[in-house]
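**Q** Per the working numbering, the sequence shown starts with residue 190, numbered consecutively. Heads up, the beta-carbon is just placed ideally off N, CA and C, and yes, glycines get one too. All figures in this text were calculated on a predicted structure; none of them were measured in a lab.
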Amino acid sequence: MSEPSGESATMRYIRAARVVTASARGTIPDGVVVVDGSRISAVGPAADLVGHVPASAVESFPDATLLPGLIDAHAHLTLAGDRRTYEQMILDPDEMMALVSVRNLQRHLACGVTTLRDNGGRNRVTFIVREAIKRGYFVGPRLLLSGRPVTHRYGHFYWCNGVADGLEAIRATVRQLVAEGADHIKIMASGGATAGNIPYYASYGADELRAAVETAHGLGRLTTAHCRAKQSMINALDAGLDCIEHAEFLVPGQVVAYGGGVSPSGIMEYDERLTERLLRQSTFVSYTFQAGGYDTLVELRAKHAHERLTRDEATRKDALERYYDTKVGIFNRLLEDGMRPLLVVSSDAGPFDCEFGRMHYGMELAVLAGMSPLQAIEAATSLAARACGVAELTGTVEPGKEADLLVVHGNALDDIRRMADVAAVYKAGLKVGVLPPNALLPSLAR
Ligand SMILES: [Zn+2]
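Given below as structure tokens:
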């Protein structure tokens with residue numbers, strides 16, 4: 190893993206074949222971003238901004254796309270994404286989870302994620318990791334932390350120890366999390382893949398969610414809810430959550446085995462009435478597109494192209510193809526029903542096979558599901574910044590914003606797959622090392 194280049198953060202000029210501002214300024218052909226310290230001081234055509242600057246002082250990317258650093262609105266930095274179940278992963282002590290975090294964050298930064306919203310880790314691990322970055326022990330993305338997710342005694346991620354049963358306990362837990370440094374509150378509104386959970390049922394009622402929301406808002410914090418069940422989405426809307434994670438619209442019924450890390454999970458049944466409510470209430474959806482086995486599906490497809498799959502592999506591939514077809518279908522319906530301004534694409538990196546450093550998978554799926562490449566980029570930059578409450582700071586390439594920048598080879602507006610081909614990453618004006626592509630291949634034993 191390479192070190193940050195250590196270049197001093199003074200005035201720098203970064204020029205690319207196109208600058209995608211992800212703002213009202215659109216895309217600037219042959220554009221330049223001027224960075225002063227940690228901030229962007231100017232953005233515009235090269236002809237206007239670097240005419241007087243010696244060529245040697247300009248960092249030029251002649252066949253590249255420069256865009257805002259990515260914002261992953263949903264990840265779990267303490268989890269290794271190495272295909273163990275939650276029950277296996279939680280055997281790791283907190284100390285190991287902290288070390289896993291260091292690796293995960295460097296991978297995510299290298300793929301262009303300059304801001305990461307963590308949606309739940311055990312005990313105080315995520316707060317400690319952020320403190321280590323602040324002290325300069327390693328370079329990582331800007332972290333927005335929930336600390337422990339709020340959940341009931343047997344709820345999803347109960348092992349993070351953010352257990353709260355009853356309204357008073359929920360309020361007390363939210364207050365404690367904020368006191369410890371939580372930027373937002375994550376609450377588990379339905380079951381998940383934690384053993385014993387039932388993902389297609391709500392796990393808290395609207396009154397319980399409302400207690401969390403009111404307490405969090407009273408302390409100036411945004412809220413987001415894990416909602417795989419359709420009923421949990423309804424409860425979250427009733428309670429006034431700011432954001433809904435996953436949005437799988439699961440209903441009880443025939444339980445479908447999707448294979449891989451996805452637990453048998455009821456049926457995904459899109460409901461446009463919920464989308465109307467999301468729009469009316471301006472509630473963001475953080476669609477964790479790649480979560481649930483996409484890394485495995487990519488591998489199985491690659492293997493299938495060259496050799497015969499075993500029977501088990503073939504069964505698993507079929508199940509995963511069905512799962513992603515369904516997810517693509519739901520995303521497409523959300524888009525058709527006008528959700529684009531509130532639809533964020535996030536990774537859910539950490540659990541099962543969902544590896545850090547592959548933020549581009551979700552954007553590729555979003556394009557497959559009907560977004561233009563520019564819209565997919567906005568879903569992981571400017572819109573994600575708004576959903577996470579940091580739009581004043583980052584998410585677009587505009588003067589005054591932090592210089593969080595990603596440069597990819599080629600034209601990402603023509604082909605979203607270019608997002609995987611990183612040329613450079615800057616976090617708050619600091620150019621960080623880029624990993625060679627092979628470093629992102631899975632390295633842990635299966
Ligand atoms: Zn998650």
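Work out the CA separation of R204 and A269 for me, nearest whole Å.
**A** 36 Å
**Q** Would you list the one or two residues that DSSP bridges to M377?
**A** H415
**Q** Does the distance between the C-beta of G539 and the nearest non-hydrogen atom of ligand 1 fall short of 8 Å?
**A** yes
**Q** Does the distance between the C-beta of A568 and the nearest non-hydrogen atom of ligand 1 fall short of 8 Å?
**A** Not under cutoff, so the answer is no.
**Q** For chain C, find out if any of its Cβ atoms is closer than 9 Å to the Cβ of L486; answer yes or no.
**A** In the structure shown, chain C does not exist; there is a single protein chain.
**Q** For ligand 1, is there any heavy atom lying closer than 8 Å to the beta carbon of N308?
**A** yes
**Q** Per DSSP, D225 forms a beta bridge with which residues?
**A** Note: D225 sits in a beta bridge opposite R228.
**Q** Beta carbon of G258, beta carbon of G309: below 9 Å?
**A** no
**Q** Could you compute how far the alpha carbon of P540 sits from the alpha carbon of Y459?
**A** 25 Å
**Q** Note down, in chain order, each residue of its chain lying with its Cβ closer than 6 Å to the Cβ of E276, except the 5 sequence neighbours on either side.
**A** Here the set comprises A384.
**Q** Cβ of S379 within 9 Å of Cβ of C416?
**A** yes
**Q** Ordered along the chain, which non-local residues of its own chain (more than five positions away) have a Cβ less than 6 Å from that of T499?
**A** none
**Q** Count the other C-beta atoms from every protein chain shown that fall within 10 angstroms of the C-beta of P282, then say buried if there are 16 or more, exposed otherwise.
**A** By the 10 Å Cβ count, P282 comes out exposed.
**Q** Pick out whichever of Y483, Y347, M528 and D610 has its Cα sitting closest to the Cα of R272.
**A** Y483
**Q** Cβ of H415 within 8 Å of any heavy atom in ligand 1?
**A** Within the cutoff, so yes.
**Q** Note the first and the last residue of the continuous alpha helix (DSSP H) segment covering Y512.
**A** R500 to E525
**Q** Answer with buried or exposed for P562, where buried requires no fewer than 16 other C-beta atoms within 10 angstroms of its C-beta.
**A** buried
**Q** Taking the straight line between their C-alpha atoms, what separation do you get for R466 and I217?
**A** 36 Å
**Q** Quick one, are the C-beta atoms of I376 and A395 less than 9 Å apart?
**A** no
**Q** Grab me the residues of L398's own chain with a C-beta within less than 7 Å of its C-beta, minus the 5 sequence neighbours each way, in chain order.
**A** I376, A378, A414, N424, A425, A428 and L430
**Q** Can you give, in chain order, each stretch of the beta strand (DSSP E) that sits fully within the stretch 203-264 and has at least 3 residues?
**A** 216-225, 228-234, 247-257 and 259-264
**Q** What is the residue span of the beta strand (DSSP E) that V440 lies within?
**A** C432 to V440
**Q** Suppose the cutoff is 6 Å on Cβ atoms and the five residues either side in sequence are ignored; what does the same chain contact list for L366 look like?
**A** Shown here for L366: same chain residues with a beta carbon closer than 6 Å to its own, the five before and five after excluded, namely G336 in chain order.
**Q** Comparing C-alpha positions only, which one of A213, S471 and G455 sits nearest to I433?
**A** S471
**Q** How long is the line joining the alpha carbons of S454 and Y389, rounded to whole angstroms?
**A** 6 Å
**Q** According to DSSP, simplified to helix, strand and coil, what is R306?
**A** strand
**Q** With a threshold of 16 other CB atoms inside 10 Å of the CB of E369, please say whether the residue is buried or exposed.
**A** Residue environment: E369 is assigned as exposed (fewer than 16 neighbouring CB atoms within 10 Å of its CB, all protein chains considered).
**Q** Just curious, the alpha helix (DSSP H) that F478 is in, first and last residue?
**A** F478 -> no alpha helix (DSSP H), and no H or E assigned at all.
**Q** Does the count of Cβ pairs from the stretch 582-591 and the stretch 244-261 closer than 8 Å reach three?
**A** yes
**Q** Suppose contacts are defined by Cβ-Cβ distances below 9 Å. Is R296 in contact with F545 by that definition?
**A** The beta carbons of R296 and F545 sit closer together than 9 Å.
**Q** Using the Cβ count rule (16 or more neighbours within 10 Å means buried), how would you classify S571?
**A** With 16 or more other CB atoms across the displayed protein chains lying within 10 angstroms of its CB, S571 is buried.
**Q** Contact between the stretch 548-566 and the stretch 601-620: three or more CB pairs below 8 Å?
**A** yes
**Q** Determine the DSSP secondary structure at H495, reduced to helix, strand or coil.
**A** helix
**Q** At the level of alpha carbons, what is the spacing between G351 and H241?
**A** In this structure, the CA atom of G351 is about 56 Å from the CA atom of H241.
**Q** Taking buried to mean at least 16 other C-beta atoms within 10 Å of its own C-beta, is P530 buried or exposed?
**A** With fewer than 16 other Cβ atoms within 10 Å, it is exposed.
**Q** For A418, which residues of its own chain have a beta-carbon under 6 Å away from its beta-carbon, when the five flanking residues on both sides are left out?
**A** S379, Y389, Y390, A391 and L439
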